[in-house]
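Add 2 to the 1-based position in the sequence shown for this note's numbering, that's all there is to it. From the three backbone atoms N, C-alpha and C, an ideal C-beta is built for every residue, glycine too. No experiment lies behind these values; they were computed from the predicted model shown. Everything on this sheet refers to the single structure shown next.
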Amino acid sequence: MKLYLGICMFVISVFLYSCVSLETSNKTNADQQVVLKSSAAFVTTTATSVVSNKSPGQITNTAATKNQKFAIKQLIINSDTMNYNKETSEAVFLGNVEAEASNVIIKADVLKSKDYKQSAQAQGNVRALYKDQGVTIECGKLDYKDKLSFVYAYDDVTAHKQLANGDTVVLKAEALEFNAAENILTAQKMKKRIRITMKDIIAFSDKVSYNDKTKELFMSGNPLVKKAKSLMLADSITLNVDKKSMSFKQNIWTKLFYKDFETAQKEVEVETDKNGTSGKNVQQKKSSK
């Protein structure tokens, strides 16, 4: 009899334990479902109402294909507030706006967009940093599209391009385009000529393009280049920032000082010595219009 009662008690205890475990499991799953629903509701809320205290709205981009040179995996936007217009489907982020991906950060006072993982317009104290490309753009307004791979900046633009050798090319223009996929900066004169600076070089031109692949800064439209006391003019001037050399095409006019040649000779010798070559790449040429 005692044995029978013992077996019954054991079976009952096992049953009760199973019920408790099942209830606990169900409760855990329910909690998880609540969390997921809350997350979903949060995303919906950020798209339909005002968000305060820098509540982030998060967008996950689709995986990039192998052929894409530039891609963002995730874009997170923080701001003080966010308004959503159901009629226009436009979201407006206001105050201390910061859009951040793994390789891009864009800061502004205002960010407007209907689909901000694809395209948007930033306004007011805009600063865009493309880490992998070594490019920083400061301006009054900036439009990006194609998932941040293309930028059009305007309203008093200053772009810094960090070079592999440690130098920095600075472009000042009224408007500027940046192709992040190809790492190409381009600017064209609107009312004022573009101003280019790098170390002891100051240049002005109607059109400018820098291609990071070729390491060449191409200037056309009456470019003028000043290096120390030397002055150079031509229809087009190409500056190779890697080799530290310049080439001129058509209607060339130069005013060169011998001391500048000596400096250039030393610079080229230092660079070529690193590569184990002779360092005899500087030729002194004079040309007049």
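Find the nearest neighbour of residue i within the set the options, judged by alpha-carbon distance.
i    : options                : result
Q252 : D244, T240, L165, A236 : A236
K231 : K88, T240, K257        : K257
I79  : F72, A122, F250, N87   : A122
E89  : I198, G142, K116       : K116
K143 : V210, V128, F152, L178 : V128
E176 : S247, D157, Y118       : D157
Q125 : S207, Y146, L187, N185 : Y146
V172 : K193, I204, V153       : I204
K191 : K201, K209, T199, M200 : K209
G97  : N105, K229, D82        : D82
A161 : Y118, T188, G168       : T188
Helix, strand or coil for residue i, going by three-state DSSP, please let me know.
i    : result
T216 : coil
Q123 : strand
Y132 : strand
V243 : coil
G223 : coil
I204 : strand
A2   : Nothing about residue 2 can be reported from this structure: the residues present for the chain run from 3 to 291 only.
K231 : coil
Y146 : strand
D117 : strand
Leaving aside the five residues before and after residue i along the sequence, list all residues of the same chain whose C-beta is less than 6 angstroms from its C-beta, in chain order.
i    : result
E100 : N80, K109
S249 : T240
K215 : none
G165 : In the sequence as presented, Gly is not what sits at residue 165; that position holds Leu. V243.
A103 : I74, L77
A155 : I139, C141, L144, L178
S247 : none
From the DSSP output, which residues share a beta bridge with residue i?
i    : result
I139 : A130, A161
I254 : Answer by DSSP bridge pairing: none, since I254 is not bridged.
By Cβ distance below 7 angstroms, which residues in the same chain neighbour residue i in space, the five residues on each side in sequence not counted?
i    : result
F72  : S151, A182, A183
G223 : K191, S207, D208, K209
Quick check on residue i - is its C-beta less than 7 angstroms from some C-beta in chain D?
i    : result
F220 : Within the model displayed, chain D is absent; a lone protein chain is all it includes.
Between which residues of its own chain and residue i is the CB-CB distance below 8 angstroms, once the five residues before and five after are set aside?
i    : result
Q120 : K147, D148, K149
Restricting to runs no shorter than 3 residues, where is the beta strand (DSSP E) found entirely within the stretch 67–108? For the stretch 67–108, whole beta strand (DSSP E) runs of length 3 or above, ordered along the chain, are 76–80, 83–87, 92–102.
Identify every run of the beta strand (DSSP E) within the stretch 149–195, keeping only runs that are complete inside it and at least 3 residues long; order them along the chain. You should have 152–164, 170–181, 186–190.
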